[in-house]
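Q:
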Amino acid sequence: MIILGSLILICLMLVIGVSVPMSFGAVLLFIALFGGHDVSGFMPTGHWKVSSLVLLAIPLFILAGAIMERGRIAAPLVSLAELMVGNVRGGLSAAAVVASGIFGAISGSATATLTCIGSIMMPHLRKANYPEGMAAALIVSASPLGLLIPPSSSQILYALTTQ
């Protein structure tokens, strides 16, 4: 009953526009009040789980990707990828994949790769008459490629959970 109530409460709060931390806080209070849990145990456990230096690397990777986007580092990476594979048939799509791999290896974040490489490659793909859906699918499916190359935010989470 508590689980169902918690799920309904968080969905309702998110639908009406309450921020995510406040929604989770309300669910936590709901569990504490109606589930018979002691609230004093929540804060030390939550602080211990979140205050890890390893977890700090993930938002810093995303910040590094945003800095690279603002610093216009992604455009030379795309040019390099186009030089490597741009001469073959379908080379522009291959260049998008290679650029996503290079940028993902640098930033370690698929989100940062998608925003940076996607904002640069999408106009190129449109100009080359790629269908809109195919171009979007290409960029979205190529952006997690950087997660396979260290340093990666998913590999950091995996290493943290195996300790």
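Heads up, the sequence shown is in my numbering, so the first residue is 11 and it goes up one at a time.
All C-beta atoms, glycine included, are put in the ideal place defined by N, C-alpha and C.
All values derive from a computational prediction rather than experimental measurement.
With 16 other CB atoms within 10 Å as the buried threshold, where does residue 144 fall?
A: With fewer than 16 other Cβ atoms within 10 Å, it is exposed.
Q: For residue 139 and residue 151, what's the separation of their Cα atoms in angstroms?
A: If I take the Cα positions, the gap works out to 19 angstroms.
Q: By the three-class DSSP mapping on this structure, what secondary structure does residue 138 have?
A: Three-state result, residue 138: coil.
Q: By Cβ distance, which residues of its chain are closer than 6 angstroms to residue 88, with the 5 residues on each side in sequence left out?
A: Closer than 6 angstroms at Cβ, skipping near neighbours: 109 and 130.
Q: Going by DSSP, what residue range makes up the alpha helix (DSSP H) through residue 160?
A: It is not in any alpha helix (DSSP H) - residue 160 carries neither H nor E in the DSSP assignment.
Q: Are residue 114 and residue 153 touching if we call contact CB-CB under 8 angstroms?
A: The answer is yes: Cβ separation under 8 angstroms.
Q: Is the distance from the Cβ of residue 71 to the Cβ of residue 117 below 8 angstroms?
A: Yes, the pair counts as a contact, with Cβ atoms nearer than the cut-off.
Q: For residue 156, count the other beta carbons within 10 Å of its own beta carbon; 16 or more makes it buried, fewer makes it exposed. Which is it?
A: Looking at its Cβ environment, which holds 16 or more other Cβ atoms inside 10 Å, residue 156 is buried.
Q: Quick check on the burial criterion: 16 or more other C-beta atoms within 10 angstroms. Buried or exposed for residue 142?
A: Classification of residue 142: exposed, given that the 10 Å Cβ count is below 16.
Q: Is residue 27 helix, strand or coil when you go by DSSP?
A: It is coil, neither helix nor strand.
Q: Given a cut-off of 8 angstroms on the beta-carbon distance, is the pair residue 106 and residue 149 in contact?
A: For residue 106 and residue 149, yes; Cβs fall inside 8 angstroms.
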